[in-house]
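In the UniProt record's numbering, the protein residues as written are 1 to 247.
Accompanying notes for the structure given below.
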């Protein structure tokens, strides 16, 4: 796997959440738990959960390699639930189900921590894809690689809309497959899997700055997308219910 310096993690708020990293194979999750809910056993539990989840996923994929390679929606009726959920959101976005894998893992881990420890707030970031269950508002900036707008713009996320998926896809940053050249497309949905696959699908549409307005117009027609930012070079488009923030 191509190594990517996740420099954006240095901006995460340490006064509100206590952070740790859970890594296993390609999975590299940065997890934040509010400081009042922190328990010493949380990091060990999270890493063990990721290992079990990845073991289950890898075992099934080994027998169904066509699922991992598919660039169009495909079924997974006999698969672990995570793959069935990925297939369901892929039918909505119209692309391959692996487009939702990072958001799926982030959401699974976040919900497990909520269930096991009863934490007040949890934020799980998996390669730019976020599952967030929060009780107070939060500002989220967009990492857009070499764009001059990178980490300069973002959204004010209202806690009343939580839990949410806040996912970003790029054709210029990171190892994930993209057929576009967007520096970043951030999508916010109530489900992290849906946000992840939508982010990939819409990032695929952007080749030049001229594609940004049309992409934002198409995003704005999707009722299950709460908000979005699309960035290419020094151009940006925004839509949705959350306020734009400048950093």
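Ideal Cβ placement from N, Cα and C applies to all residues, glycine included.
query: residue 142 and residue 82 look like a contact to me (Cβ under 8 Å); what is the Cβ gap, rounded to whole Å?
result: As a position in the chain shown, residue 142 is number 142, starting the count at 1. As a position in the chain shown, residue 82 is number 82, starting the count at 1. About 27 Å; that fails the 8 Å criterion.
- prompt: Where does residue 3 fall in DSSP's three states?
  reply: Here residue 3 refers to the residue found at position 3 when the chain shown is read from its first residue. The predicted model places residue 3 with a pLDDT of 42, which falls under 50 and marks its position as unreliable; any figure quoted below should be read in that light. If DSSP states are grouped into helix, strand and coil, residue 3 belongs with coil.
- request: Less than 8 Å between the CB atoms is what I'm expecting for residue 212 and residue 206, so what's the real figure, rounded?
  value: In the chain shown, residue 212 corresponds to position 212, counting from 1. In the chain shown, residue 206 corresponds to position 206, counting from 1. Correct: roughly 6 Å between the Cβ atoms.
query: Would residue 146 pass as a contact of residue 182 if the rule is Cβ separation under 7 Å?
result: What you label residue 146 is simply residue 146 of the chain shown in a count that begins at 1. What you label residue 182 is simply residue 182 of the chain shown in a count that begins at 1. Not in contact: residue 146 and residue 182 (Cβ atoms no closer than 7 Å).
field: residue 96 and residue 70 closer than 7 Å at C-beta
entry: The sequence position of residue 96 within the chain shown is 96, counting from 1. The sequence position of residue 70 within the chain shown is 70, counting from 1. Cβ atoms of residue 96 and residue 70: closer than 7 Å.
Whole-angstrom distance between residue 217 and residue 12, CA atom to CA atom: Here residue 12 corresponds to residue number 12 of the chain shown, with the count starting at 1. Here residue 217 corresponds to residue number 217 of the chain shown, with the count starting at 1. So the two alpha carbons sit approximately 31 Å from each other.
task: Flag this pair as yes or no: are the beta carbons of residue 113 and residue 105 separated by less than 7 Å?
output: Taking the chain shown and counting its residues from 1, the one referred to as residue 113 is at position 113. Taking the chain shown and counting its residues from 1, the one referred to as residue 105 is at position 105. For residue 113 and residue 105, no; Cβs fall outside 7 Å.
task: Using 10 angstroms around the beta-carbon of residue 208, count the other beta-carbons present and answer buried if the total reaches 16, otherwise exposed.
output: Here residue 208 is taken as the residue at index 208 of the chain shown, counted from 1. Answer is exposed; the Cβ neighbour count stays below 16.
- prompt: Can you tell which of 199, 133, 91 and 38 has the C-alpha that lies nearest to the C-alpha of residue 160?
  reply: Your numbering for residue 160 matches position 160 in the chain shown. Among 199, 133, 91 and 38, the Cα nearest to that of residue 160 belongs to 133.
- prompt: What are the start and end residues of the alpha helix (DSSP H) that includes residue 117?
  reply: As a working mapping, residue 117 is identified with position 117 in the chain shown. Per DSSP, residue 117 belongs to the alpha helix (DSSP H) from 101 to 117.
- prompt: What do you reckon, are the CB atoms on residue 189 and residue 165 nearer than 7 Å?
  reply: The residue you call residue 189 lines up with position 189 of the chain shown. The residue you call residue 165 lines up with position 165 of the chain shown. Yes, they are a contact pair.
C-alpha distance - residue 125 paired with residue 136, whole-angstrom precision: Within the chain shown, numbered from 1, the residue matching residue 125 stands at position 125. Within the chain shown, numbered from 1, the residue matching residue 136 stands at position 136. If I take the Cα positions, the gap works out to 18 Å.
- prompt: Who pairs with residue 157 in a beta bridge, going by DSSP?
  reply: Along the chain shown, read from residue 1 onward, the residue named residue 157 stands at position 157. DSSP output for residue 157 lists 138 as bridge partner(s).
task: Note down the Cα distance separating residue 34 from residue 115, rounded to an integer number of angstroms.
output: Sequence index remark: in the chain shown, residue 34 carries index 34 (1-based). Sequence index remark: in the chain shown, residue 115 carries index 115 (1-based). The alpha-carbon separation between residue 34 and residue 115 amounts to approximately 15 Å.
field: Outcome for residue 191 when other beta-carbon atoms lying within 10 angstroms are tallied against a minimum of 16
entry: Numbered from 1 along the chain shown, position 191 holds the residue referred to as residue 191. The residue in question, residue 191, is buried, as its Cβ has 16 or more Cβ neighbours within 10 Å.
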